[in-house]
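Everything in the sequence shown is counted per numbering that gives the first Met the number 0, starting at 0 for the first residue and increasing by one. In what follows, a single structure is set out as structure tokens and then discussed.
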Amino acid sequence: MFSCINLKEEVIMNKIKINMPRKEHKLKINMVSAIKRKLNKDIYRRKSNKFNEEFSRYDILTGLPNSTYFFEKLNNTLEISKANYRKGAVIYIDVDNYKTINSSWGYSAGDFILKCFSERVNSCIRGKGKLFRLNGDEFAILIYEFKFINEIEEICNKIYKNLKEPFKITDDDLDIYVSMGISIFPDNSSNADELLKFCNLAMYKSKKSGKNNYTIFNNEIFETYYREALIRSELKNAINKNELNINYQPQIDLSNNEIVGIEALLRWNNDKLGNVSPAEFIPIAEEHGDIVQIGDWVMEKSLEQASLWKNMGYKFNNIAVNISPIQIKEKDFKDKLLKCCDKYNISPNFLEIEITESTFLDISEEKVEVLNELKEMGINIAIDDFGTGYSSLSYLINISVSTLKIDKTFVDHVENYKNMVLIKNIVNLSKDLKYKVIVEGVETREQIEVLADLGCNIIQGFYFSKPLTEDSMKILLESNGIGK
């Protein structure tokens, strides 16, 4: 291109020299020089634009092609695959512990790990596909073609094997764990966006299954996703549609066979989904922020009902309400709790809030102090599912606890010697620390006898009563008779 331009310039210059007067000759030379500069600028701009366009398709840190290039390549591959009746796959990779690496080692170390990580993964797929960095610690492998699914599984297993060797940061070894989700085209879809979404769903199933493994997308995963999406959608209007209700389960003192406490248990019956288990819908409500409104509603209704029963003269010591860690993190959590007690003329020591052990992993020291303040004001704090969700008892030192609730998993096999030893030691610990102990999930007479011998006095479970509706609980309180 440059040679053609120079040739044209030479012809023009010769004509100028032959035919033009000196003054006009000089003017034309300047014009040609201007044309030459403009042509050179255009050529430079085009080259620069082409370079920038190519540069914008690659990740600066790892040198891998980025998400823009990924979708271009995937769409092209989908067209070829469709024309040639070939199967391909997308493997979505998420580094499970990347946030921990950044917070513990710093962002420079995190960047270094991502570069080393991308090199190791790349070495597992040479000639079979292409690795892309989509965003942060999210990567994708595009497999252009395969015949049998075990070819994809071999790649995943090779990646896990390659990552078993620790990464080095200065003199320390660092293990990297990844969760992967796989979608197949055209079996799952021939749409790039859908394929990536299906990969994400499969990857999240890998995480829920314990992380550091891979999942191949299937219809069951899609159905689970659809159900969760429906629950999320329906839950937003559950309060307004009067679909939520509260059941009540009594807590019985074995020494006199009387009701000493009542636990409020949330239930949901939806016209599209039917009865939905709290174990299914509460995590979804927590994930999407609806739990605060729902939790406030449960507290309001529970205290209102407890106040009515107390005013009727029914005898019981407290009403227990489950609290989510999301609620505790709210700035006005303490104020709302106290205002609700005041609204229904409930003494703070008549309310017991139940918090799971794992909650203490999620709340800050500032929120621990809020719990301690509530305890000082008289509100009782129970540790639910005690012994199942935390590896340290240090929180018992930091938090003013009132009650330990022994989980059903210990009760199911209470005749087992190790279970008996654990329960006995929890009871002794509680006595020394002046905690109340409640045993959950008691279902048989044999369990009652063993637990009584171990010093457990307060029992909750189907042996005495399943969770009851408001009217059924009222009848039980009136008679204060416990079925045997």
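Each residue gets a CB set at the ideal place from its N, CA and C atoms; glycine is no exception. Values in this document were obtained by computation on a predicted structure and should not be read as measured data.
Contact annotation: residue 180 and residue 147 have beta-carbon atoms that are not nearer than 8 Å. Contact check for residue 174 and residue 136: beta-carbon distance about 15 Å, past the 8 Å limit, so the pair fails to qualify. The C-beta of residue 83 has fewer than 16 other C-beta atoms within 10 Å across all chains shown, which makes the residue exposed. When secondary structure is reduced to three states using DSSP, residue 237 falls in the coil class, being assigned neither helix nor strand.
In this chain, the alpha helix (DSSP H) harbouring residue 106 covers 106–121.
The segment 303–317 makes no contact with the segment 268–281; the number of CB pairs closer than 8 Å stays below 3.
Nearest to residue 289 by alpha-carbon distance, out of 349, 338 and 235, is 235. Of the candidates 156, 60, 220 and 111, 111 places its Cα closest to the Cα of residue 168.
Cβ contact annotation for residue 85 (same chain, cutoff 7 Å, sequence separation greater than five): 144, in chain order.
Linking residue 182 to residue 377 through their CA atoms gives a straight-line distance of about 54 Å.
C-alpha of residue 298 to C-alpha of residue 263: approximately 9 Å in a straight line. Cα atoms of residue 371 and residue 245: separation of roughly 27 Å, rounded to the nearest angstrom. Residue burial is scored here from C-beta neighbours: residue 323 has at least 16 other C-beta atoms within 10 angstroms and is therefore classed as buried.
In this chain, the alpha helix (DSSP H) harbouring residue 194 covers 191–207. Of the candidates 306, 386 and 189, the residue whose Cα lies closest to the Cα of residue 408 is 386.
Restricted to the segment 271–352, the alpha helix (DSSP H) segments that are unbroken, complete and at least 4 residues in length are 277–286, 290–310, 324–327 and 332–342, listed in chain order.
Distance check between residue 460 and each of 265, 344 and 248 places 248 closest, using alpha-carbon atoms only. With fewer than 16 other Cβ atoms inside 10 Å of its own Cβ, residue 106 counts as exposed. Taking residue 162 as the centre and dropping the five residues before and after it, the same chain places the C-beta of 119, 175 and 177 closer than 7 Å to its C-beta, in chain order. According to DSSP, residue 446 shares a beta bridge with no other residue. If you draw a straight line from the Cα of residue 209 to the Cα of residue 344, it is about 46 Å long.
For residue 409, the enclosing alpha helix (DSSP H) covers residues 407–410.
Taking 8 Å as the cut-off, the Cβ atoms of residue 454 and residue 413 do not count as close.
In terms of Cβ geometry, residue 91 and residue 199 form a close pair [threshold 8 Å]. By a beta-carbon distance limit of 8 Å, residue 356 does not contact residue 321. Their separation comes to about 13 Å.
Taking the C-beta atoms as reference points, residue 329 is found nearer than 8 Å to residue 291.
In its chain, beyond the 5 residues on either side, 77 and 81 have a beta carbon closer than 7 Å to the beta carbon of residue 189. For residue 371, the three-state secondary structure derived from DSSP is helix. Contact between residue 224 and residue 155 is ruled out by a C-beta separation of about 21 Å, above the 8 Å threshold. In this model, residue 434 and residue 395 are separated by some 11 Å (Cα to Cα). Residue range 177–184 is occupied by the beta strand (DSSP E) that includes residue 182. Scanning 474, 237, 140 and 132 for the CA closest to the CA of residue 194 turns up 140.
Of the other Cβ atoms in all chains shown, fewer than 16 fall within 10 Å of the Cβ of residue 420; this residue is therefore exposed. In the assembly as shown, residue 202 is a buried residue. Its beta-carbon has 16 or more other beta-carbons within 10 Å. Note on residue 472: 16 or more other CB atoms within 10 angstroms of its CB, so buried under the neighbour-count rule. Here residue 191 is near residue 73, since their CB atoms are less than 8 Å apart.
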